[in-house]
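Visitor:
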Amino acid sequence: MKVMFSKKCEYGLQAVLYLSTKEPGTIVSSEDIAKILSIPKEFVSKILQNLTEYGIVYSKKGKAGGFALAKASNKIQLIDVVSAIDGMGVFNGCVLGFSNCSPDSPCPVHDKWGVLRTMAYDMLTQETLDQLKDKTINKIGNL
């Protein structure tokens, strides 16, 4: 069951985590990223182009083109990627989609979702890509 992120956001998170495993400034082609992560190449390119607009990823055009992180991996949190791709609606709105959901007029899962939402937000903001590098390397090695 998908509750939190769109497939586009999941792919964006994976791609940015992968780029964080490379030496700073290393340009990686969208083809290589797609191959390593088993993501459609066209999807990777579009997602990473979108992330260039938010200053998370740098894009280099041409034959030796590709993508790299636009800033140090210790300056990027997962929430930055989530916010750029999916927005912050999942943290601000009702998980069931009720427009009038609030503490005064809660939906059936309001209280339980609030706890999970806070935990998810905290997890996404507490660590930088740099802090997740070793775990990312291990995960990619198992793909």
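Under our numbering, the first residue of the sequence shown carries the number 48, and numbering increases by one thereafter.
Virtual Cβ for every residue (Gly too), placed ideally from N, Cα, C.
The structure displayed is predicted, hence computed values, not measured ones.
1. Assuming residue 131 contacts residue 101 (C-beta within less than 8 Å), just tell me the rounded distance between them.
2. Do the region 82–95 and the region 139–148 make contact, defined as three or more Cβ pairs closer than 8 Å?
3. Locate the alpha helix (DSSP H) running through residue 92, then write down its first and last residues.
4. Classify residue 146 as buried or exposed, calling it buried when 16 or more other Cβ atoms lie within 10 Å of its own Cβ.
5. Buried or exposed: which applies to residue 151, given that a residue is buried once 16 or more other Cβ atoms fall within 10 Å of its Cβ?
6. What would DSSP say about residue 115, mapped onto helix, strand or coil?
7. Nearest to residue 176 by CA position, among 129, 51, 86 and 76, is which residue?
8. Are there 16 or more other CB atoms within 10 angstroms of the CB of residue 125, so buried, or fewer, so exposed?
9. I need the DSSP call for residue 152, collapsed to helix, strand or coil.
10. Using DSSP with H/G/I as helix, E/B as strand and the rest coil, what is residue 175?
11. Looking at residue 75 and residue 69, is the spacing between their C-beta atoms short of 8 Å?
12. Note down the Cα distance separating residue 121 from residue 178, rounded to an integer number of angstroms.
Guide: Short version:
1. Against the sequence shown, residue 131 aligns to sequence position 84. Against the sequence shown, residue 101 aligns to sequence position 54. Yes, residue 131 and residue 101 are in contact; Cβ-Cβ is about 4 Å, under 8 Å.
2. In short, these stretches do not touch, since the Cβ pair count stays below three.
3. Position 45 of the sequence shown holds residue 92. Looking at the DSSP string, the run of the alpha helix (DSSP H) that includes residue 92 is 88–100.
4. Translated into positions along the sequence shown, residue 146 becomes position 99. Exposed, by the Cβ-count rule.
5. For the purposes of this step, residue 151 is identified with residue 104 of the sequence shown, where counting begins at 1. When all chains shown are included, residue 151 counts as exposed.
6. Residue 115 sits at position 68 when you count from the first residue of the sequence shown. Residue state, collapsed to three classes: strand.
7. Position 129 of the sequence shown, counted from the first residue, corresponds to residue 176. Of the listed residues, the one whose Cα sits closest to residue 176 is 129.
8. By 1-based counting over the sequence shown, the position of residue 125 is 78. Buried, since its Cβ has 16 or more Cβ neighbours within 10 Å.
9. Taking the first residue of the sequence shown as 1, we reach residue 152 at position 105. In this structure, residue 152 counts as coil in the three-state DSSP scheme.
10. In the sequence shown, the residue the question calls residue 175 occupies position 128. Correct three-state label for residue 175: strand.
11. Taking the sequence shown and counting its residues from 1, one reaches residue 69 at position 22. Taking the sequence shown and counting its residues from 1, one reaches residue 75 at position 28. Here residue 69 is near residue 75, since their CB atoms are less than 8 Å apart.
12. Counting from 1 along the sequence shown, the entry for residue 121 is found at position 74. Counting from 1 along the sequence shown, the entry for residue 178 is found at position 131. Whole-angstrom Cα-Cα distance: 7 Å.
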